[in-house]
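A.B. asks:
In our numbering, the protein residues as written are 1121 to 1372.
1. As an exercise, report each continuous beta strand (DSSP E) stretch of at least 3 residues that is fully enclosed by the region 1223 to 1279, in chain order.
2. Closest to residue 1243 by CA distance: which of 1351, 1280 and 1338 is it?
3. Can you give the beta carbon distance from residue 1294 to residue 1273, rounded, assuming they're within the 8 Å contact cut?
4. Looking at the unbroken beta strand (DSSP E) that takes in residue 1158, where does it start and where does it end?
5. From which residue to which residue does the beta strand (DSSP E) around residue 1180 run?
6. From residue 1134 to residue 1237, what does the alpha carbon distance come to, in whole angstroms?
7. Any chance the region 1196 to 1216 sits against the region 1338 to 1356, with 3 or more Cβ pairs inside 8 Å?
8. Spatial neighbours of residue 1175 within its chain, please: C-beta separation below 6 Å, excluding the five flanking residues on both sides.
9. I need the boundaries of the beta strand (DSSP E) containing residue 1369, first residue and last residue.
10. How many angstroms separate the CA atom of residue 1314 from the CA atom of residue 1160?
11. Give the range of the beta strand (DSSP E) segment to which residue 1190 is assigned.
12. Between the region 1220 to 1230 and the region 1200 to 1210, do at least 3 Cβ pairs fall closer than 8 Å?
13. In whole angstroms, give me the CA-to-CA distance for residue 1281 and residue 1367.
14. Using a Cβ-Cβ cut-off of 7 Å (strictly less than) and excluding sequence neighbours within five positions of residue 1309, which residues of its own chain qualify?
15. Where does residue 1350 sit, in a helix, a strand or coil, going by DSSP?
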């Protein structure tokens, strides 16, 4: 009886250890909504967008590769060479209107609705295998002309009292503008919309409020940018320039 009890205890301990081992082995980041959008006029060239959801500490995006692509490279207009950090407990998106991937190849078999393997890598050594779907024609054009209204909206970022590596709160003020949450496809209403948040060019998401939290970050220099957008995802303009504000800071 004692031996049987001891065996049960040992088996139970092994099961717990195996469970804990599997749990800790789970990746901190998951990849979602990976899409390849054909680039008009450039046969075999795609813009790749995806979401990186981070349940762990800050992680630095290092790049991506695919055995079926001739080329995969990071494009980050206005922030070439900047470190792309996915904040701890947050999300970072490779998006049309920010840092994204350009992919060439896929072959004749990669057509609308098809999939292409992609491995996303991070500086901590983590590699995440995912699949990118060929989305067909683009459904959203962030390169479209902006929208101007009178009076023009204004946006001001209010720096925090202290920037903390563990995360901090940012606030902003707007005039001649109202944050209104709507479903995608809602037509433009002058003076209404949302904001987009970018960190070194990496899109952190949409904003419908005058405050937001920045998650834990790795040491380094950062440029936080917030820009106002219409319901149909066009940037608001003032004197031909996007209505946006920036805050530069350093995590020691």
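For each residue, glycine too, the CB sits at the ideal point set by N, CA and C.
C.D. replies: Checking against the coordinates, here is how it stands:
1. Runs found: 1235 to 1242, 1247 to 1254 and 1274 to 1278.
2. The count along the chain shown starts at 1 and reaches residue 1243 at position 123. Selected option, being the one with the closest Cα: 1338.
3. In the chain shown, the residue the question calls residue 1294 occupies position 174. In the chain shown, the residue the question calls residue 1273 occupies position 153. Correct: roughly 6 Å between the Cβ atoms.
4. Along the chain shown, one-based indexing puts residue 1158 at 38. Note, residue 1158: beta strand (DSSP E), 1149 to 1158.
5. As a position in the chain shown, residue 1180 is number 60, starting the count at 1. Looking at the DSSP string, the run of the beta strand (DSSP E) that includes residue 1180 is 1179 to 1185.
6. Taking the chain shown and counting its residues from 1, the one referred to as residue 1134 is at position 14. Taking the chain shown and counting its residues from 1, the one referred to as residue 1237 is at position 117. Model confidence at residue 1134 stands at a pLDDT of 47, short of 50, so the residue's coordinates are unreliable and nothing is read from them.
7. At 8 Å Cβ cutoff, the stretches touch.
8. In the chain shown, residue 1175 corresponds to position 55, counting from 1. The residues are 1148.
9. Locating residue 1369 in the chain shown gives position 249, where the first residue counts as 1. Segment 1364 to 1371, the beta strand (DSSP E) holding residue 1369.
10. In the chain shown, the residue the question calls residue 1314 occupies position 194. In the chain shown, the residue the question calls residue 1160 occupies position 40. In this structure, the straight-line span from the alpha carbon of residue 1314 to that of residue 1160 is close to 28 Å.
11. What you label residue 1190 is simply residue 70 of the chain shown in a count that begins at 1. Start and end: 1189 to 1195.
12. Too few Cβ pairs lie closer than 8 Å, so no.
13. For the purposes of this step, residue 1281 is identified with residue 161 of the chain shown, where counting begins at 1. For the purposes of this step, residue 1367 is identified with residue 247 of the chain shown, where counting begins at 1. Distance between the alpha carbons of residue 1281 and residue 1367: 13 Å.
14. Along the chain shown, one-based indexing puts residue 1309 at 189. Residues 1351 of the same chain have their beta carbon placed closer than 7 Å to that of residue 1309, with the five preceding and five following residues left out of the count.
15. The sequence position of residue 1350 within the chain shown is 230, counting from 1. Collapsing the DSSP output to three states places residue 1350 in coil.
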